[in-house]
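Q:
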Amino acid sequence: MIPVRITSWSEFETFFVIPGASPYRPLYHLTPGTDGKTYKFDGVAYNLQPDPGTLYHLYNMVKMYFENGGAVAY
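For what it's worth, the numbering used here labels the leading residue of the sequence shown as 205, then goes sequentially.
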């Protein structure tokens, strides 16, 4: 793999964002809630656990990098 030098959010979109791609929608699963923030359904407490196979952070991380003054990324 060859690193690609990116100097702006628009360059990232040009190289790595597929036009017309379906929106990002991570999946979540209910697990019995024992700690942290829980949600109740029919009186039973549950935690929402993200499906690790549907979590992708690169898009938002790169976007925030450039929004916060980042200059160059590879």
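Just so it is clear, CB atoms sit at the ideal spot from N, CA and C, and this is done for glycine as well.
Since the structure is predicted, the reported quantities are computational estimates derived from the model, not experimental observations.
Taking residue 229 as the reference, which of 272, 257 and 265 has the closest Cα?
A: The residue given as residue 229 occupies position 25 in the sequence shown. Checked all of 272, 257 and 265; the closest Cα to residue 229 is 257.
Q: Give the straight-line distance between the Cα atoms of residue 260 and residue 219, rounded to the nearest whole angstrom.
A: Within the sequence shown, residue 260 is the residue found at index 56, counting from 1. Within the sequence shown, residue 219 is the residue found at index 15, counting from 1. Rounded to whole angstroms, residue 260 to residue 219 spans 17 Å at the Cα level.
Q: Please report the residue range of the beta strand (DSSP E) in which residue 248 lies.
A: Residue numbering aside, residue 248 sits at position 44 when the sequence shown is read from its first letter. From DSSP, the beta strand (DSSP E) with residue 248 extends over 248-254.
Q: Have a look at 222, 224 and 243 and flag the residue whose alpha-carbon is nearest the alpha-carbon of residue 253.
A: Reading the sequence shown from its first residue, position 49 is the one you call residue 253. Its Cα nearest to that of residue 253, the residue 243 stands out among 222, 224 and 243.
Q: Enumerate in chain order the residues of its own chain whose CB-to-CB distance from residue 235 is below 6 Å, with the five nearest sequence positions on each side excluded.
A: Looking up residue 235 in the sequence shown gives position 31. Only 251 and 253 meet the Cβ criterion.
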